[in-house]
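> Got a structure for you, written out below as structure tokens; questions coming shortly.
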Amino acid sequence: MFNKKYLALIIVLLLTQVFSSFALAADNSIYYNIENTIFPSGIIYSDVSYTNDYYYTQKIYKDFDSDGIYEAAVISYDTFGYQHLEIYKVLGQKMIRVFSGKGNSIRVSNNSFSITNVEYDGRYFYETYTYQWGNGKFLRTGYAKTYIKDGYIDYEKPIEEEPIKIIKDARALAVNSLLRARMDGNYDLAIKYISKTYSKEINSKDLKSIIPYGKVTAVDIFESSRGDWVVAVIKDSWGRDRVFKFVPIEEKDKYGNFKVEQIVEIPRAN
């Protein structure tokens, strides 16, 4: 239940139809332009525009501090496989940022969130920190370290085994560009990142059925004796995590030095 002060604010905004807009700057000089609208339900909606290499942005509303007012959590996904989290708190008619961080994976629950990164100590592992609100700020309340199985990506259920080396390079960027164009619905641009040979088998509209619409949660290079390939994890509109293999080949043009020669969905490990 919202407190009286917040309800009064909603009524005033609804009657006067006042809309406020402002710019918030992140520590890494990324600027968000957020236009706020108060809906009858009292939920704050933030329409975020950005200038960095982000291909998807998600807005989540949670009452992390249990004061009866929603905080706005903005998760942005960049083309290098990282997720950026900004949390904004409502104070009167203003919003202030109360948390900023990034990682390979971010999970938000009812009153907490976790940030996972891939680290190395002779073996690659997932390092996860959990945060909850306390004493006027977000505090670290949990820690987990889990080693990664070779060739297997799952931030929710990682398996302890020796991993391979994770690399970011032009091949991953080519796949990121393809996925970004597909998620934007720009299939004519997406086909530009398909090789000449593969484009004879599929057209731009085929990409809509081959690659599901959703949120890309990971893109990485995997090395094998039979050749390197790029793996992408996509959370589809049904909330399922689906893994795809992209086979890159060197083919240069104005769109980059690599193109995708094959796209295959890989069944998830049980």
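Count the sequence shown with mature numbering (1 follows the signal peptide of the UniProt record, and there is no 0) and you get residues -25 to -1, 1 to 245, in order.
By construction, the Cβ of each residue, glycine as well, lies at the ideal position given by its N, Cα and C atoms.
1) With a threshold of 8 Å, are at least 3 pairs of Cβ atoms found where one atom belongs to the stretch 82 to 90 and the other to the stretch 222 to 231?
2) What are the partner residues of F74, as DSSP defines its beta bridges?
3) Any idea if I71 is buried or exposed, counting beta-carbon neighbours within 10 angstroms, 16 or more meaning buried?
4) Under three-state DSSP, which class holds Y122?
5) Bridge partners for Q107 per DSSP, in chain order?
6) With DSSP as the reference, label I166 as helix, strand or coil.
7) Could you tell me whether the stretch 174 to 183 touches the stretch 44 to 59, using the rule of 3 or more Cβ pairs below 8 Å?
8) Have a look at E240 and L60 and give me their C-alpha separation to the nearest angstrom.
9) Our contact map puts D211 next to G189 with C-beta atoms below 8 Å; I'd like the distance itself, whole angstroms only.
10) What is the rounded straight-line gap between the Cα of T116 and the Cα of V206?
11) DSSP three-state label for I185, please.
12) Three Cβ pairs or more, each shorter than 8 Å: is that satisfied between the stretch 191 to 198 and the stretch 147 to 164?
13) Any idea what DSSP makes of Y95, helix, strand or coil?
14) Determine the extent of the beta strand (DSSP E) in which S51 is found, giving its start and end residues.
15) How far does the beta strand (DSSP E) with N232 in it reach, from first residue to last?
16) Tell me, to the nearest whole angstrom, how far the beta carbon of E94 is from that of F88; I am working on the premise that it is less than 8 Å.
17) Hey, how far is the Cα of V49 from the Cα of Y30?
With the structure as the only source:
1) Verdict: no, contact absent.
2) Looking at the DSSP assignment, F74 forms a beta bridge with I62.
3) Exposed is the call here.
4) In the structure shown, Y122 sits in a strand (DSSP, three-state: E or B).
5) Q107 is bridged to S87 and L114.
6) Here I166 sits in helix by DSSP.
7) Cβ pair count under 8 Å is below three, so no.
8) Going by the C-alpha atoms only, they are around 29 Å apart.
9) Rounded, the Cβ-Cβ distance is 4 Å, consistent with contact.
10) Rounded to whole angstroms, T116 to V206 spans 32 Å at the Cα level.
11) For I185, the three-state secondary structure derived from DSSP is helix.
12) By the Cβ test, the stretch 191 to 198 is in contact with the stretch 147 to 164, since at least three Cβ pairs between them sit closer than 8 Å.
13) Looking at Y95 - three-state DSSP - the assignment turns out to be strand.
14) Membership of S51 in the beta strand (DSSP E) is indicated by the continuous run E46 to D53.
15) DSSP places N232 in the uninterrupted beta strand (DSSP E) bounded by G231 to I241.
16) Not a contact, Cβ separation roughly 19 Å.
17) If you take the alpha carbons of V49 and Y30, they lie about 13 Å apart.
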